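Below: the structure, in structure tokens.
Residue numbers (the numbering used here), protein chains in the order written: chain D, 106 to 361; chain S, -5 to 105; chain H, 37 to 191.
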């Protein structure tokens, strides 16, 4: 697409943002109602499902053993993902670890983009509920590289509209409203989103993971959708998890 | 018959006899209105929604509901219940296609 | 401020031109659902023609602005002793504009201890949500609130 048209479209999109007006902003009272709904999050059932799935594999105990940590240390260890795991020589998310564990047990691993894996991932991450995210991007050269790639992916403009994640989710445009939704500053230090995914998405009536959400967003922004578990996706997760470092994990989340 | 996943939650988790507790029943159910279209096939998805729910505590029906298709997918039904002795709470629902589902939770008051 | 108004205007236009909503029943020209019933008909069926009274004893809790129409939290609480001679017999929840105005009819007994019912409903657009309460003495109480449903967002 010609650069001129690309820029024009970008500008048209950016100028279509409005400032969050009373018309579209939910009140604190409204938000409190949604927070209350988390008490009976439909995804609780999927998390219970995930627990059953892990139980079939030996439960928390077997998982801790597979990771090489004590059961006591398991929650804090989970709160540090994605991690570079020597065994795989890769920076991986918890879902990829689950795949490896299933494979080693002689079972057919769940596909990364499957309801079963989403439920299993939600349960596994929920083991760390209450823990503060403690990802360490300086742990080794692989984590450093993953963070750098994640930042690059977040900032790279691509697709028909020449948009990067940063085009809509940066401090310059945060608070503005796009299609009636106030935009969160996902790239900011302290942006907590990584602590509350996997989450129940109300408009989809299903449990979704963070990478799956990225895919939905990319599709809407006319960007080529990156596969779940790919180097770029895991790196994006590393980047955003680092932003949420210190936030308390609370799974399952509840999102629009 | 579809095996549905459901949960009965009681809040607080520990309660005494005579206490009034909050009880919720949650289930994974499509609650299809019969007006929605399948995105891929473009065909109308037939109505399939829970149409009645009963709460039975130690053999006595304490609450019953007539439910319509306007309830959200994966619905939740929350009300209060007075604890009146050890036993069990059974929640049963039927849907418009004749599906029946039952879930039971033990009631164990302390003191 | 002029510039702000300009952006605001554009924002509204963009909102209206938003991509087709995820909830297909929210759009126009819908096939009638299996239980089509208007609010007025539903209300009459419940009260048998009796006029329900507005009462501060009925607390209807719904968001003023619902973030999405698929999952709108609703809680109805009624101040009642819930004794066998004075209790809430039923809580009915109605909507204003869905094809079927009835959401749920909950029949309570003194064994409930307190009169409250909470659930989540689907709203096909901005409309009123109404709670109609039936007391054991035959009286009907009512409470209503408008819920603005926004259809938008990315994905």
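Just so it is clear, CB atoms sit at the ideal spot from N, CA and C, and this is done for glycine as well. Remember, predicted model here, so these are calculated numbers, not experimental data.
For residue 86 of chain S, same chain residues with a beta-carbon under 6 angstroms away, outside a window of 5 residues either side, are 48, 96 in chain order. The shortest CA-to-CA distance from residue 296 of chain D to any of D:232, D:342, D:245 is the one to D:342. When C-beta atoms of the stretch 317 to 327 of chain D are compared with those of the stretch 251 to 271 of chain D, three or more pairs fall below 8 angstroms, so the two segments count as touching. Just so you know, the alpha carbons of residue 147 of chain H and residue 127 of chain H end up roughly 15 angstroms apart. Just measuring C-alpha positions, the residue of H:83, H:110, H:88, H:84 sitting nearest residue 139 of chain D is H:110. Note that the C-beta distance between residue 45 of chain S and residue 57 of chain S is not below 8 angstroms.
Under DSSP, residue 60 of chain S shares a beta bridge with S:46, H:141. In the three-state DSSP reduction, residue 70 of chain S falls in the strand class (E or B). Residue 317 of chain D: member of the alpha helix (DSSP H) spanning 315 to 325, first to last residue. Under the three-pair Cβ rule at 8 angstroms, the stretch 12 to 27 of chain S counts as touching the stretch 89 to 103 of chain S. Listed as beta-bridge partners of residue 153 of chain H by DSSP are S:73, H:112. When the five nearest sequence neighbours on each side are left out, the beta carbons in the same chain lying within less than 6 angstroms of the beta carbon of residue 351 of chain D are those of 237, in order along the chain. In the structure shown, residue 246 of chain D falls within a helical segment according to DSSP collapsed to helix, strand and coil. Between the alpha carbons of residue 149 of chain D and residue 3 of chain S lies a distance of about 11 angstroms. A Cβ-Cβ distance of about 7 angstroms is found for the pair residue 67 of chain S and residue 106 of chain H, placing them in contact under the 8 angstroms criterion. By DSSP's assignment, residue 98 of chain S forms a beta bridge with S:84.
Residue pairing by DSSP places residue 89 of chain S opposite S:44 in a beta bridge. Under the 8 angstroms criterion on CB atoms, residue 138 of chain H is classed as non-interfacial with respect to chain D.
CA-CA distance, residue 18 of chain S to residue 123 of chain H, rounds to 21 angstroms. Under the three-state reduction of DSSP output, residue 182 of chain D falls in the helix class.
Following the DSSP letters along the chain, one finds residue 26 of chain S in no alpha helix (DSSP H), marked with neither H nor E. Contact with chain H is found for residue 138 of chain D, since one of that chain's Cβ atoms lies less than 8 angstroms from the residue's Cβ.
Around the beta carbon of residue 63 of chain S, 16 or more other beta carbons sit within 10 angstroms, so the residue counts as buried. DSSP places residue 164 of chain D in the uninterrupted alpha helix (DSSP H) bounded by 164 to 172. Nearest CB-CB separation between residue 71 of chain S and chain H: below the 8 angstroms threshold.
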